[in-house]
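S.K.: What follows is a single structure, and I will ask about it in a moment.
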Amino acid sequence: MQIGLHRSIHAFEPASWDALNPGRYPGLLHGFLSSLEDSKSVGEGTGWLPLYASVGEHDELIGSMVCYLKTDSYGEYVFDWAWADAYHRNGLNYYPKCVTAIPFTPASGPRILIKNGYNHGEVTRYLMEALKEELAGKVSSWHILFPDENSYESLKTADSWLERYGVQFHWFNQGFQSFDDHLATFNSKRRKEARRERRRVAEQGITFERLGGHEIDSSALETLFQCYQMTYRHRGSLGYLTREFFEYAVERIPGSIRVAFATHQGKRIAMSFCLHDQKTLYGRYWGTLREFDCLHFETCFHQWIEDAIEQGFERFDPGAQGEHKIARGFRPVKTRSLHWIENQEFAAAIEQFLMKERAHIDRYFQACDDHTPFKLSNEALRI
């Protein structure tokens with residue numbers, strides 16, 4: 011086996027890298043990662059320094075893992091600012107740390123890529139050992155954020171990993187043929203509210219178009235980025251991603267991109283940007299140049315549920331947080347992360363914190379599950 015550590019995705023041929031990702035999970039496509047790097051959305055000065063581990067056999071890439079050395083905790087969506095503060099108050103450095111994650115993307119997915127036909131456990135062990143040797147004495151901790159079931163099962167058996175849980179809200183396609191089929195699962199009150207929201211947007215003269223990446227021209231790209239930046243301006247900050255990121259992504263992974271545009275009086279005034287793989291639609295960014303009643307709900311939720319039904323996606327993951335999603339047909343799901351803490355005293359304290367936090371998460375999940383809008387029992391509809 012040949013073990014490698016690299017500072018750029020350009021160390022790998024795109025076809026060889028993407029052969030490890032047959033499901034086309036968008037956050038690990040070569041074109042997505044190269045768009046982040048080449049647009050300077052990650053790299054020096056951003057708080058995200060890439061580190062790629064690879065395993066090869068007979069000059070063939072058979073496994074990889076993407077990490078970042080972090081000098082802050084922005085753009086991760088598994089919040090550890092309190093841990094960093096505790097380190098600081100005790101005269102210790104929490105940064106740099108290592109994260110295995112998709113930058114600015116709270117979407118569960120593979121965190122280890124292994125070519126079909128190879129021993130998953132063996133290749134995982136090679137990758138982990140190489141990274142542990144590289145990171146020894148250089149970082150306070152290592153955090154694997156939003157691993158999917160396969161990655162989680164491969165990694166959780168390793169020594170000293172602490173487990174952390176969160177809650178998101180996802181939509182599941184139950185074989186619907188139309189948006190009305192989706193609404194038919196709602197109780198009467200929630201069904202009327204959803205229809206009222208959609209009707210209210212139409213009454214304001216707003217129409218929609220949904221485009222694939224191949225259909226996004228320079229004019230659409232300009233509106234897309236303006237809307238993206240507007241969301242952050244409302245918070246008094248700039249977006250994590252540069253305009254060049256969107257330009258590169260549309261060029262390099264057009265088949266993994268879908269964008270909904272809202273138009274009013276002949277002008278595009280809002281957008282919602284999604285990535286997708288073969289089974290799942292991932293809602294990523296939204297923004298509007300003008301405020302309209304119910305526009306956010308239509309652009310970010312109803313449009314994409316309708317699109318998921320038409321395109322045959324099994325699931326729509328709209329991103330982090332948001333109890334308001336429940337009333338619109340989204341179900342609570344638990345997310346997971348894994349954490350290795352080098353300092354044993356802090357590891358013990360964080361483990362106690364996570365045990366208490368998990369009890370709170372369990373109660374929160376159940377409370378959300380008890381308030382879904384469906385007319386049938388939650389158990390009957392559980393995915």
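Those letters in the sequence shown? Residues 11 to 393, by our numbering.
Just so you know, even glycine gets a beta-carbon here, dropped at the ideal spot from N, CA and C.
1. With DSSP as the reference, label Met11 as helix, strand or coil.
2. Let me know if Trp296 comes out buried or exposed under the rule of 16 or more other beta-carbons within 10 Å of its beta-carbon.
3. Please determine, among Tyr374, Glu23 and Ile351, the residue with the shortest C-alpha to C-alpha distance to Glu333.
4. Which same chain residues, not among the five before or five after Leu221, have their C-beta less than 6 Å away from its C-beta?
5. Cutting at 8 Å between CB atoms, please list the residues of its own chain near Ile336, excluding the five before and the five after it.
6. Quick check for students: name the residue ranges of the alpha helix (DSSP H) that lie wholly in the stretch 263-330, counting only runs of 4 or more.
7. What does the alpha-carbon distance come out to for the pair Phe356 and Asn31?
8. I need the boundaries of the beta strand (DSSP E) containing Tyr39, first residue and last residue.
9. Would you call the CB atoms of Leu155 and Leu364 closer than 8 Å?
10. From what residue to what residue does the alpha helix (DSSP H) around Trp27 run?
11. Does the Cβ of Gly41 have 16 or more other Cβ atoms within 10 Å, making it buried, or fewer, making it exposed?
12. Are the CB atoms of Tyr105 and Thr81 within a distance shorter than 8 Å?
13. Could you work out which residue in Lys50, Ala25, Phe186 and Arg34 is closest to Phe5 when comparing CA atoms only?
14. Does the distance from the C-beta atom of Ile267 to that of Leu285 stay below 8 Å?
15. Using the rule of at least 16 other Cβ atoms within 10 Å of the residue's Cβ for burial, across every protein chain shown, is Ala390 buried or exposed?
16. Which full runs of the alpha helix (DSSP H) of 4+ residues lie inside the stretch 164-244, going along the chain?
M.R.: The relevant details are as follows:
1. The residue you call residue 11 lines up with position 1 of the sequence shown. DSSP places Met11 in coil when its eight states are reduced to three.
2. Start at 1 with the first residue of the sequence shown, and residue 296 comes out as number 286. So Trp296 counts as buried.
3. Here residue 333 is taken as the residue at index 323 of the sequence shown, counted from 1. It is Tyr374 whose Cα lies nearest to the Cα of Glu333.
4. Looking up residue 221 in the sequence shown gives position 211. Excluding residues within five positions, the ones whose Cβ falls inside 6 Å are Val269.
5. Here residue 336 is taken as the residue at index 326 of the sequence shown, counted from 1. Cβ within range, chain order: Phe179, Pro342, Cys378, His381, Thr382 and Pro383.
6. 313-321
7. Taking the first residue of the sequence shown as 1, we reach residue 356 at position 346. Taking the first residue of the sequence shown as 1, we reach residue 31 at position 21. Spanning the two alpha carbons is a distance of roughly 36 Å.
8. Counted from its first residue, the sequence shown places residue 39 at position 29. A small fix is needed here, since residue 39 is Leu in this sequence, not Tyr. No beta strand (DSSP E) contains Leu39, which DSSP labels as neither H nor E.
9. Taking the sequence shown and counting its residues from 1, one reaches residue 155 at position 145. Taking the sequence shown and counting its residues from 1, one reaches residue 364 at position 354. Cβ distance not < 8 Å, so Leu155 and Leu364 don't count as in contact.
10. Counted from its first residue, the sequence shown places residue 27 at position 17. It spans Pro24 to Asp28 - the alpha helix (DSSP H) in which Trp27 sits, taken as one unbroken run.
11. As a working mapping, residue 41 is identified with position 31 in the sequence shown. So Gly41 counts as buried.
12. Residue mapping note: residue 81 aligns to position 71 of the sequence shown, counting from 1. Residue mapping note: residue 105 aligns to position 95 of the sequence shown, counting from 1. Closer than 8 Å, so yes.
13. There is simply no residue 5 to check, as the chain begins at 11 and stops at 393 in what is shown.
14. For the purposes of this step, residue 267 is taken as the residue at position 257 of the sequence shown. For the purposes of this step, residue 285 is taken as the residue at position 275 of the sequence shown. Taking 8 Å as the Cβ cut-off, Ile267 and Leu285 qualify as a contacting pair.
15. Within the sequence shown, residue 390 is the residue found at index 380, counting from 1. Model confidence at Ala390 stands at a pLDDT of 36, short of 50, so the residue's coordinates are unreliable and nothing is read from them.
16. 189-193, 198-213 and 228-243
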